[in-house]
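So the sequences go chain by chain: A and B. Residue numbers for the first sequence follow this note's numbering, so the first one is 22 and each next one is one higher. Residue numbers for the second sequence follow this note's numbering, so the first one is 22 and each next one is one higher. Backbone N, C-alpha and C define an ideal beta-carbon position, used for all residues, glycine too.
There are 2 protein chains.
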Amino acid sequence: MAATMRDVARRASVAAMTVSRVINDPESVAPATKARVEKAIAELRYVPNMLGQDLRRKRTMTIALLVSDITNPFSIHQITAVSDAARRAGYTVIFGHTQSDSDEEARQLRAMIERRVDGIILSPVTDDPAPVEFVQGAGSEIVVLGYPMPASTVDAVHCDTRAASSELVEHLLLLGHREVVMLTGPERIVTAVERADGYGDAMASAGLAPEIHYGDFTIASGEELARVALRQRPSTTAFVTANNFIAIGAARAATQLGLRVPQDLSIVTFDNARADHMLDPFFTGIVQPVDRMAQTATHMLVERIEGDARGRARDVVLPTVLDVHGSSAPAPTTRRDEVTLLIGPEQGHNHNEVEGTP
Amino acid sequence: MAATMRDVARRASVAAMTVSRVINDPESVAPATKARVEKAIAELRYVPNMLGQDLRRKRTMTIALLVSDITNPFSIHQITAVSDAARRAGYTVIFGHTQSDSDEEARQLRAMIERRVDGIILSPVTDDPAPVEFVQGAGSEIVVLGYPMPASTVDAVHCDTRAASSELVEHLLLLGHREVVMLTGPERIVTAVERADGYGDAMASAGLAPEIHYGDFTIASGEELARVALRQRPSTTAFVTANNFIAIGAARAATQLGLRVPQDLSIVTFDNARADHMLDPFFTGIVQPVDRMAQTATHMLVERIEGDARGRARDVVLPTVLDVHGSSAPAPTTRRDEVTLLIGPEQGHNHNEVEGTP
DNA sequence: GATCAACATGGTACGCATATCATGAAGCGA
DNA sequence: TCGCTTCATGATATGCGTACCATGTTGATC
């Protein structure tokens, strides 16, 4: 169906090689020949076949971006930032999402290696070095985005999310909160653990007992975690949540239990959706410089691919910002025992696995 | 660097063809041979090169999805739905976004044809048949998602967005509104025009004069359009907006002008963000069955690719739902002339191009 | 023991574009 | 006019995997 380079060559009475030259290095072809070839290209509506080109050149000019959860506005922001930076560098980007699942991550990485992408930007699920080694062993370049990799044999761009988590707690402590509970994601995901650790650090420094609930990075899980936490400890005055979905869920649970945010309960979080997307930015939270992270990662990757960067792995840590909005307020002074009453009828609701850490 | 099939063949003392068989049709290889080959594959960490395979098979098992604006939650929803459906059918999906720009659309389509995707799902910018013909001429299958194509030589899945727009207006009329103004996107984009037309239909049926403001599908534009509309006609009691970004902008403008939504001003819209993502679903609006649309489009495309569907183009129209939330309320009974006062100091603000239609 | 089928495996060419070397023509100076 | 460079173009081989046909082996059947 589709015309090939040889079809064009035949029609223009030249060799295939000359057609290739017209496309890739027009200067090197005589004007008359070039015109003939271009005419044939137009007439046959010839579109080059990158499969052949890539196979021969051993270069696809493609980089892959693997994010954990494409439904998260945070990931969307990463995707747009990476594609823009990549396009400027002359690369095409293909995406995948792992749904925070290591097996899916492995499958996706393999699919990308099969396509022989020149490089991969990965937001890894765990700090297991195996996926990274797999990519490197296959001869593709890789940059890790969003998480520090412990065995640092790979370029990485991330924020100090543990310290940022401490910062969130300190914000609450300054507002007079003492009963601060952490709601985070699954224990198998580094981000969830890191953010819980930062919370633990700050609580320990303040001489307070930490209370951490592990769940999922979803609204439903946030709702459930908040419900359980409030039932177990009705005197809680503030939640630190490990992402915006958990925060939304927690806010929902609070509202349903008759608690007002922030008057009765403060909620602070990570990875706020871009302010743009919301009618009123609401959650106080840590904002990561997504654009800069994505651009930096892309540039580092392109440097590796093009051989401009050799040698040791580079680890770039970018600063976060605490963005104070309406979801955090001074701790209420009175105890709220009526909460237990409201929670009563909801007891059969606890069907998620929830693990508490002392 | 990376091992090839022949490397594996040599190591297992078989022909390359046998390695290929082990990978694609393991049943046809004797167990002992198969084991030897698999051992060699593991030892060399061989990963097949799809470029070679695709080139030979003339099949990439890839479909491309081209949406207009990846930052829109509506598009994200399309992306996830299409990738899920495609994965189930054994296809990989690659994405692109056109930013509602015809040139960018053409570039992206060409890039996808260059990669020889088996098919393309396109949310077109305009109703120009050229992009569709380009793809068909290049031998790829295509399904148009979200917009009806006038010259129906192509499969399409969409909603009757014009009728839906009328439905929005009727909802407002039932609430007693008479001064209803349309805020829509650029005139060059079909969706913007279709939705304005539906508004026009309903206003005409009710014997009311339409007033349409064209702008962009962005929050900033929505804000600007609303500001201008309210200045020109302070007695406006309701806006119909052509997407959620315009709605958010309009709500912002209203708030800044001291108008409460919905008490003083109702706002209804299209393409609400998924309820999930918002703390409180707020906008009354038309909801399109995104999942079903995306699945249908994917299935139709796969059928074409696999030759199960031949002949005439199919045009599937799916029903929309009017989702009533808090942004629409009965029309206020008193006139509001103080609005002009509030608008006064903002006059120098009109730097977007805004076109009014009588 | 001969014949044939069924099966396992190999050899060769091909899909498309390009790197590399080779060839021919034109241009230039002496 | 000869010899040399410079430039435009072509022929061939290559990248990787697979379709297709061919060959050899095994085993069953009479």
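Check the C-beta distance from residue i over to residue j and give it rounded, since I have them as a contact under 8 Å.
i              : j              : result
residue 146(B) : residue 170(B) : Going by Cβ atoms, the distance from residue 146(B) to residue 170(B) rounds to 12 Å, so no, they are not a contact pair.
residue 63(B)  : residue 68(A)  : Contact flag wrong, Cβ pair sits at about 39 Å.
residue 72(B)  : residue 72(A)  : 5 Å
residue 168(A) : residue 103(A) : So it is not a contact: roughly 16 Å between Cβ atoms.
residue 164(B) : residue 142(B) : 5 Å
residue 97(A)  : residue 322(A) : About 20 Å separates the two Cβ atoms, so there is no contact after all.
residue 95(B)  : residue 311(B) : 7 Å
residue 287(A) : residue 187(A) : Actually they do not touch by this definition, with Cβ atoms about 16 Å apart.
residue 200(B) : residue 128(B) : Contact doesn't hold; Cβ gap of about 43 Å is too wide.
residue 76(A)  : residue 76(B)  : 6 Å
Is the CB of residue i under 8 Å away from at least one CB in chain A?
i              : result
residue 75(B)  : yes
residue 160(B) : yes
residue 116(B) : yes
residue 100(B) : yes
residue 317(B) : no
residue 290(B) : no
residue 244(B) : no
residue 71(B)  : yes
residue 135(B) : yes
residue 23(B)  : yes
residue 113(B) : yes
residue 262(B) : no
residue 205(B) : no
residue 297(B) : The predicted model places residue 297(B) with a pLDDT of 47, which falls under 50 and marks its position as unreliable; any figure quoted below should be read in that light. Yes, contact with chain A.
residue 142(B) : no
Measuring CB to CB, does residue i end up less than 8 Å from residue j?
i              : j              : result
residue 282(B) : residue 261(B) : no
residue 137(A) : residue 45(B)  : no
residue 204(A) : residue 236(A) : yes
residue 249(B) : residue 234(B) : yes
residue 113(B) : residue 132(A) : yes
residue 192(B) : residue 343(B) : yes
residue 89(A)  : residue 144(A) : yes
residue 264(A) : residue 219(A) : no
residue 175(A) : residue 317(A) : no
residue 291(A) : residue 216(A) : yes
residue 120(B) : residue 315(B) : no
residue 227(A) : residue 194(A) : yes
residue 126(B) : residue 86(B)  : no
Which residue wins for smallest C-alpha separation from residue i, given the options the options?
i              : options                           : result
residue 183(B) : 23(B), 24(B), 341(B) and 348(B)   : 341(B)
residue 65(B)  : 333(B), 284(B) and 25(B)          : 25(B)
residue 350(A) : 247(A), 157(A) and 198(A)         : 198(A)
residue 327(B) : 280(B), 161(B) and 150(B)         : 161(B)
residue 29(B)  : 58(B), 120(B), 306(B) and 50(B)   : 58(B)
residue 245(A) : 317(A), 347(A), 276(A) and 223(A) : 276(A)
residue 61(A)  : 347(A), 278(A), 43(A) and 268(A)  : 43(A)
residue 243(A) : 332(A), 274(A) and 231(A)         : 274(A)
residue 91(A)  : 139(A), 148(A) and 266(A)         : 266(A)
residue 304(B) : 314(B), 320(B) and 259(B)         : 259(B)
residue 232(A) : 181(A), 336(A), 47(A) and 223(A)  : 223(A)
residue 308(A) : 180(A), 336(A) and 33(A)          : 180(A)
Spell out the partners DSSP gives residue i in its beta bridges.
i              : result
residue 164(B) : 142(B) and 176(B)
residue 95(A)  : Residue 95(A) is not bridged to any residue.
residue 118(B) : 88(B)
residue 291(A) : 307(A)
residue 259(A) : 201(A) and 287(A)
residue 341(B) : Bridge partners of residue 341(B): none, in fact.
residue 336(B) : 177(B)
residue 83(B)  : 113(B)
Against chain B, does residue i count as a neighbour if the rule is that its beta carbon must be under 8 Å from one of theirs?
i              : result
residue 233(A) : no
residue 85(A)  : no
residue 132(A) : yes
residue 127(A) : no
residue 48(A)  : no
residue 64(A)  : no
residue 267(A) : no
residue 119(A) : no
residue 97(A)  : yes
residue 174(A) : no
residue 54(A)  : no
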